[in-house]
Every structure is written in structure tokens, then in C-alpha cells.
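The opening residue of the sequence shown carries number 12 in the numbering used here; numbering runs sequentially from there. Notes for the one structure printed next.
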Amino acid sequence: MSMRIWALALVVVGAAGWLGRGAFSDDAKPAGAPSEAEMEKMMEQLATPGEMHAWLAKFNGGWNVTGEFTEMDGSKLPMCGTACIRMVLGGRWQEQIFNATYKRKPFQGRGMTGYDNEKKQFTNFWFDTMSTSTAPATGTLSADGKVLTLAGEWEMMGTKMPFKYVLTSINACRFTFAMSMTMEGKEMAVGHMTYTRR
12 MSMRIWALAL VVVGAAGWLG RGAFSDDAKP AGAPSEAEME KMMEQLATPG EMHAWLAKFN
72 GGWNVTGEFT EMDGSKLPMC GTACIRMVLG GRWQEQIFNA TYKRKPFQGR GMTGYDNEKK
132 QFTNFWFDTM STSTAPATGT LSADGKVLTL AGEWEMMGTK MPFKYVLTSI NACRFTFAMS
192 MTMEGKEMAV GHMTYTRR
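Spelled out as C-alpha cells, the structure:
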């Protein structure tokens, strides 16, 4: 490296350091900006599980699952399995461990569902043995606390496909889960499952 380039690099690094000090110093804070202590308190509040996390925790336990999937030709294929649901990460996320038989083959899935205190919405991620991809789904709980509706968009083979999950709480020992996808502007059922507490 020539002396000229080396000198230029030192100037750039020095300028970046000076700008960095200005950007993060207390003197450079805009008027009305929260103090460090206030920021810490806000972050703590946003990270604290609340009412919606308690709602997710109601599903803790072991479940027997029965249902069916709808194939592209409209035929129905049965599915049966089990699920273990528990709250993890200090009650911030609901983890589902799902094991089933589908098309006479083992099927495994993992779900993570949480509630974002800042965005005021639920978020779900699903992973399973039928795919190496996933897509987040976000949504809200109905006013009566019985129906959680989540929506997202899968990117599959160069196309984007909207999807929807609907969880309906029937009672403390039973809930249903329905999946649908929208193709060519038409929403079609993909699967429906009933969870019964063991």
C-alpha cells in the first residue's frame, strides 16, 4: 500500500471515529430523546411476557391430533399424530413439537409462535420435514379470545403464494387448526386438524 493510500485511510478512520463520538454522545441527542435509563426501562417492558403470552400458555401440554390434508386434485388424505406444546425462553415463545404419519410416512414439524409487544401482533414460524424453507406468518387474536388468524406468503418455485392459518379455541381440551392457500386469486383449503388434550 502506498503512503498516499495509507494516509487517506487514516483520515477516513479518524473522521468515522469523530462522527461516531458525535452520534453516540449525550451532547448530540435530539431534544426530547429518552435517556439511557428510560431506554432500558422501555426495552424491559417490551421484553416482558404479557396477556397475549399467557393466552399462548393455555395450550401447554400433550395433544392427540387428527385431521386431513387436501391434495391438488381435491382428494382428502387423513393424518394422525401427536403434539407437545410448551412455553420457552421465559414464557416469550410457544414451541410446538409435532409428530405424525402422512401418506404412510413419518412427518415431523416444529412451530414457534410469539407475540410482539411493540408491533401488537402474533408471529409464527413453522419448520417441517417436507420442506427446507419457511415463511413467517403474522396476525391478531379475535376480541373474544377464541380465534387466532395468521397470514403470510410462501415463495415457491418462483411464485409467491399467500397462505392463512386459523386456530380456533373450542375449550380447554380442544382446538382446531385450519390452513389455506390462495392460488390464482382463489383461496383453497389445504388442511384441517383437531387437537384433543391427552
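Note that CB positions come from ideal geometry on N, CA and C, so glycine has one too. Predicted model, so just to flag it, every value in this text is computed and none were measured.
{"Asked": "Give a yes or no on contact between the region 59-73 and the region 92-111, applying the rule of three or more CB pairs nearer than 8 Å.", "Found": "yes"}
{"Asked": "Helix, strand or coil: how does DSSP classify Met190 here?", "Found": "strand"}
{"Asked": "Between which two residues does the alpha helix (DSSP H) carrying Lys52 extend?", "Found": "Glu47 to Leu57"}
{"Asked": "Where does Met98 sit, in a helix, a strand or coil, going by DSSP?", "Found": "strand"}
{"Asked": "Output the residue ranges of the beta strand (DSSP E) runs that lie fully inside the region 144-172 and measure 3 residues or longer, sorted by chain position.", "Found": "148-152 and 158-167"}
{"Asked": "For Ile108, write down the residues that DSSP places opposite it in a beta bridge.", "Found": "Cys95 and Arg121"}
{"Asked": "Could you check if Gly196 is buried or exposed, using at least 16 other CB atoms within 10 Å of its CB as the buried criterion?", "Found": "exposed"}
{"Asked": "Distance check for Met123 and Met54, CA to CA, integer angstroms please.", "Found": "22 Å"}
{"Asked": "Any idea what DSSP makes of Ala200, helix, strand or coil?", "Found": "strand"}
{"Asked": "Using only alpha-carbon positions, find the residue among Arg121, Thr193, Leu159 and Phe186 that is nearest to Lys171.", "Found": "Thr193"}
{"Asked": "Among Ser153, Tyr176, Met199 and Asn110, which one has its Cα closest to the Cα of Phe188?", "Found": "Tyr176"}
{"Asked": "Expressed to the nearest angstrom, what Euclidean distance is found between the alpha-carbon atoms of Met83 and Pro117?", "Found": "21 Å"}
{"Asked": "Per DSSP, which one or two residues make a beta bridge with Asn128?", "Found": "BP columns for Asn128 are empty, so no partner."}
{"Asked": "Might you give, ordered along the chain, the residues of its own chain that have their beta carbon closer than 6 Å to the beta carbon of Gln5, omitting 5 neighbours on each side?", "Found": "For residue 5 there is no data in the structure shown, the boundaries of the chain being 12 and 209."}
{"Asked": "How about Val201 and Thr179: are their beta carbons less than 8 Å apart?", "Found": "no"}
{"Asked": "Can you name the residues that DSSP bridges to Phe70?", "Found": "In DSSP, Phe70 forms no bridge with anything."}
{"Asked": "Count the other C-beta atoms from every protein chain shown that fall within 10 angstroms of the C-beta of Glu198, then say buried if there are 16 or more, exposed otherwise.", "Found": "exposed"}
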